[in-house]
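Residue numbers (UniProt numbering): 1 to 190. Backbone N, C-alpha and C define an ideal beta-carbon position, used for all residues, glycine too. What follows is a single structure, written as C-alpha coordinates, with notes after it.
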Amino acid sequence: MIVELRQYLLHPGRRDVLIDLFDREFVESQEDLGMAVLGQFRDLDRPDHFVWLRGFADMPARRAGLEAFYGGPVWKEHAAAANATMIDSDDVLLLRSDPLPLGPRTGSRSPYDLLVFYRDRPWPADLALDGALATLHTEYAVNDFPALPVRAGEHALVALTRSGCAVPDLDGLTRTDHLRLMPTERSALR
(Lines of atoms letter the chains of each structure in order from A and count residues from 1; the text may use other names and numbers.)
(Lines give C-alpha, C1' and ligand atoms only; values in the text may rest on other atoms or scores of the structure.)
Protein backbone atom coordinates (compact mmCIF):
# COMPACT_ATOMS: atom_id res chain seq x y z
CA MET A 1 0.00 0.00 0.00
CA ILE A 2 1.19 3.53 -0.83
CA VAL A 3 0.51 6.07 1.94
CA GLU A 4 0.84 9.84 2.06
CA LEU A 5 1.58 11.33 5.48
CA ARG A 6 0.27 14.88 5.05
CA GLN A 7 0.91 17.65 7.61
CA TYR A 8 -0.80 20.98 6.98
CA LEU A 9 0.16 24.25 8.66
CA LEU A 10 -3.04 26.25 9.06
CA HIS A 11 -3.93 29.84 9.76
CA PRO A 12 -4.41 30.39 13.51
CA GLY A 13 -7.81 29.25 14.70
CA ARG A 14 -8.78 27.59 11.40
CA ARG A 15 -8.11 23.91 12.16
CA ASP A 16 -11.66 23.02 13.20
CA VAL A 17 -13.02 24.80 10.12
CA LEU A 18 -10.87 22.57 7.90
CA ILE A 19 -11.70 19.43 9.89
CA ASP A 20 -15.44 20.09 9.62
CA LEU A 21 -15.13 20.64 5.86
CA PHE A 22 -12.81 17.66 5.39
CA ASP A 23 -14.92 15.22 7.39
CA ARG A 24 -18.12 16.37 5.68
CA GLU A 25 -16.94 16.64 2.05
CA PHE A 26 -13.61 14.88 1.48
CA VAL A 27 -13.84 11.39 3.02
CA GLU A 28 -16.38 9.54 0.88
CA SER A 29 -15.64 11.67 -2.18
CA GLN A 30 -12.07 10.36 -2.20
CA GLU A 31 -12.96 6.80 -1.21
CA ASP A 32 -15.52 6.65 -4.04
CA LEU A 33 -12.56 7.20 -6.40
CA GLY A 34 -10.52 4.29 -5.00
CA MET A 35 -8.42 6.13 -2.40
CA ALA A 36 -8.45 5.30 1.31
CA VAL A 37 -8.76 8.13 3.82
CA LEU A 38 -6.96 6.27 6.60
CA GLY A 39 -6.91 8.81 9.38
CA GLN A 40 -7.42 12.48 10.15
CA PHE A 41 -5.90 14.00 13.29
CA ARG A 42 -5.52 17.06 15.47
CA ASP A 43 -1.87 17.49 16.45
CA LEU A 44 -2.07 17.79 20.25
CA ASP A 45 1.12 19.87 20.49
CA ARG A 46 0.64 22.12 17.46
CA PRO A 47 -2.86 23.67 17.46
CA ASP A 48 -2.46 25.05 13.94
CA HIS A 49 -1.61 21.68 12.34
CA PHE A 50 -3.87 19.10 10.71
CA VAL A 51 -2.34 15.68 9.97
CA TRP A 52 -3.84 13.00 7.79
CA LEU A 53 -3.01 9.74 6.05
CA ARG A 54 -4.26 8.80 2.58
CA GLY A 55 -3.71 5.38 1.02
CA PHE A 56 -3.59 3.90 -2.47
CA ALA A 57 -3.22 0.36 -3.80
CA ASP A 58 -0.11 1.35 -5.80
CA MET A 59 1.45 4.32 -7.61
CA PRO A 60 -0.75 4.08 -10.75
CA ALA A 61 -3.84 4.04 -8.51
CA ARG A 62 -2.47 7.09 -6.68
CA ARG A 63 -2.12 9.07 -9.87
CA ALA A 64 -5.55 8.04 -11.16
CA GLY A 65 -7.25 8.83 -7.85
CA LEU A 66 -5.58 12.21 -7.44
CA GLU A 67 -6.33 13.23 -11.03
CA ALA A 68 -9.98 12.25 -10.60
CA PHE A 69 -10.41 13.96 -7.23
CA TYR A 70 -8.56 17.22 -7.90
CA GLY A 71 -10.12 17.47 -11.36
CA GLY A 72 -13.57 16.56 -10.09
CA PRO A 73 -16.63 18.43 -8.86
CA VAL A 74 -16.21 18.04 -5.08
CA TRP A 75 -12.73 19.60 -5.01
CA LYS A 76 -13.77 22.31 -7.46
CA GLU A 77 -16.70 23.24 -5.22
CA HIS A 78 -14.74 23.27 -1.93
CA ALA A 79 -11.11 24.02 -2.91
CA ALA A 80 -11.28 27.73 -2.13
CA ALA A 81 -12.73 27.13 1.34
CA ALA A 82 -10.15 24.43 2.14
CA ASN A 83 -7.21 26.43 0.81
CA ALA A 84 -8.33 29.51 2.77
CA THR A 85 -7.55 27.62 6.00
CA MET A 86 -4.00 26.68 4.96
CA ILE A 87 -0.62 28.37 5.08
CA ASP A 88 1.32 25.32 3.82
CA SER A 89 0.12 21.92 2.58
CA ASP A 90 3.41 20.68 1.07
CA ASP A 91 4.83 18.79 4.10
CA VAL A 92 4.18 15.33 2.68
CA LEU A 93 6.04 12.04 2.97
CA LEU A 94 5.34 9.34 0.39
CA LEU A 95 5.48 5.99 2.19
CA ARG A 96 4.94 2.27 1.71
CA SER A 97 3.10 0.13 4.25
CA ASP A 98 1.25 -3.05 4.92
CA PRO A 99 -2.48 -2.39 5.46
CA LEU A 100 -3.17 -0.23 8.52
CA PRO A 101 -5.41 -1.32 11.45
CA LEU A 102 -8.62 0.50 10.52
CA GLY A 103 -11.97 0.36 12.24
CA PRO A 104 -15.43 1.83 11.76
CA ARG A 105 -15.69 5.63 11.67
CA THR A 106 -17.74 5.66 14.88
CA GLY A 107 -17.05 4.86 18.51
CA SER A 108 -14.44 5.92 20.99
CA ARG A 109 -11.19 7.57 20.01
CA SER A 110 -7.83 7.69 21.77
CA PRO A 111 -4.52 9.39 20.94
CA TYR A 112 -1.77 7.97 18.78
CA ASP A 113 1.94 8.63 18.79
CA LEU A 114 3.40 8.97 15.33
CA LEU A 115 7.19 8.72 15.32
CA VAL A 116 9.23 9.59 12.25
CA PHE A 117 12.84 8.41 12.25
CA TYR A 118 15.13 9.94 9.63
CA ARG A 119 18.34 8.33 8.47
CA ASP A 120 21.16 9.31 6.15
CA ARG A 121 20.46 6.25 3.97
CA PRO A 122 17.50 3.93 3.28
CA TRP A 123 16.09 1.80 6.06
CA PRO A 124 16.03 -1.99 5.64
CA ALA A 125 12.79 -2.76 3.79
CA ASP A 126 11.75 -5.47 6.24
CA LEU A 127 12.37 -3.46 9.42
CA ALA A 128 9.42 -3.46 11.82
CA LEU A 129 9.45 -1.77 15.21
CA ASP A 130 8.44 -3.50 18.43
CA GLY A 131 5.36 -1.83 19.88
CA ALA A 132 4.26 -0.24 16.60
CA LEU A 133 0.73 -0.82 15.28
CA ALA A 134 2.06 -0.03 11.81
CA THR A 135 5.50 0.63 10.33
CA LEU A 136 5.86 2.63 7.12
CA HIS A 137 8.97 3.29 5.00
CA THR A 138 9.83 5.91 2.39
CA GLU A 139 8.48 5.08 -1.07
CA TYR A 140 11.20 6.04 -3.55
CA ALA A 141 9.01 6.10 -6.67
CA VAL A 142 8.88 9.37 -8.58
CA ASN A 143 5.95 11.59 -7.60
CA ASP A 144 3.86 11.28 -10.77
CA PHE A 145 1.32 13.89 -9.61
CA PRO A 146 3.53 17.00 -9.33
CA ALA A 147 0.59 19.30 -8.53
CA LEU A 148 0.88 17.82 -5.01
CA PRO A 149 4.56 17.97 -4.01
CA VAL A 150 6.14 15.39 -1.72
CA ARG A 151 9.40 15.69 0.17
CA ALA A 152 12.20 14.13 -1.89
CA GLY A 153 15.51 12.80 -0.63
CA GLU A 154 14.16 11.68 2.75
CA HIS A 155 14.86 8.29 4.28
CA ALA A 156 11.98 8.00 6.75
CA LEU A 157 10.73 5.18 8.92
CA VAL A 158 7.34 5.95 10.47
CA ALA A 159 5.83 4.15 13.45
CA LEU A 160 2.20 4.51 14.46
CA THR A 161 1.76 3.48 18.08
CA ARG A 162 -0.36 3.98 21.18
CA SER A 163 2.45 3.91 23.73
CA GLY A 164 5.75 4.58 22.00
CA CYS A 165 8.16 2.07 20.56
CA ALA A 166 11.84 1.27 20.63
CA VAL A 167 14.09 3.67 18.75
CA PRO A 168 15.78 1.72 15.98
CA ASP A 169 19.39 0.95 16.85
CA LEU A 170 20.96 1.58 13.47
CA ASP A 171 23.81 3.77 12.30
CA GLY A 172 22.90 6.94 10.49
CA LEU A 173 19.89 8.12 12.53
CA THR A 174 19.80 11.89 11.95
CA ARG A 175 16.55 13.08 13.48
CA THR A 176 13.34 11.92 15.14
CA ASP A 177 9.96 13.69 15.05
CA HIS A 178 7.28 12.79 17.59
CA LEU A 179 3.68 13.76 16.89
CA ARG A 180 0.90 13.21 19.43
CA LEU A 181 -2.30 12.87 17.44
CA MET A 182 -5.99 12.75 18.36
CA PRO A 183 -8.25 11.24 15.69
CA THR A 184 -11.06 13.43 14.39
CA GLU A 185 -14.65 12.30 14.74
CA ARG A 186 -14.61 10.60 11.28
CA SER A 187 -11.13 9.07 11.33
CA ALA A 188 -10.89 5.37 10.42
CA LEU A 189 -7.87 5.12 12.72
CA ARG A 190 -9.55 5.55 16.13
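Asked	Found
What number of angstroms, rounded off, separates the C-alpha of Pro-168 from the C-alpha of Glu-77?	44 Å
Out of Leu-10, Ala-82, Ala-64 and Asp-98, point me to the one whose CA is closest to Arg-24's CA.	Ala-82
What residue range is occupied by the uninterrupted alpha helix (DSSP H) comprising Gly-65?	59-70
Taking the beta carbon of Tyr-140 as the centre, do at least 16 other beta carbons fall within 10 Å, making it buried, or is it exposed?	exposed
Between the Cα of Glu-185 and the Cα atoms of Phe-145, Leu-5, Ile-19 and Thr-176, which residue gives the shortest distance?	Ile-19
Which of helix, strand or coil does DSSP assign to Ala-78?	Note that residue 78 corresponds to His in the displayed sequence, not to Ala. Helix.
Name the residue from Pro-111, Leu-95, Leu-94 and Leu-66 whose alpha carbon lies nearest to the alpha carbon of Phe-41.	Pro-111
To the nearest whole angstrom, what separates the beta carbons of Gly-172 and Arg-121, a pair I think is in contact under 8 Å?	5 Å
Within this structure, are the beta carbons of Val-27 and Val-17 separated by less than 7 Å?	no
Tell whether a beta-carbon distance below 7 Å holds between Phe-69 and Arg-62.	no
Taking C-alpha atoms, which residue in Asp-98, Arg-162, Asp-144 and Ala-64 lies nearest to Met-35?	Ala-64
Between Pro-47 and Asn-143, what straight-line distance do the alpha-carbon atoms span, to the nearest angstrom?	29 Å
Nearest-angstrom Cα distance between Phe-145 and Leu-5?	15 Å
In whole angstroms, give me the CA-to-CA distance for Leu-181 and Leu-44.	6 Å
In angstroms with no decimal places, state the Cα-to-Cα distance between Arg-151 and Asp-98.	21 Å
May I ask you to report which of helix, strand or coil DSSP gives Arg-46?	coil
From Ala-84 to Tyr-118, what distance separates their C-alpha atoms?	31 Å
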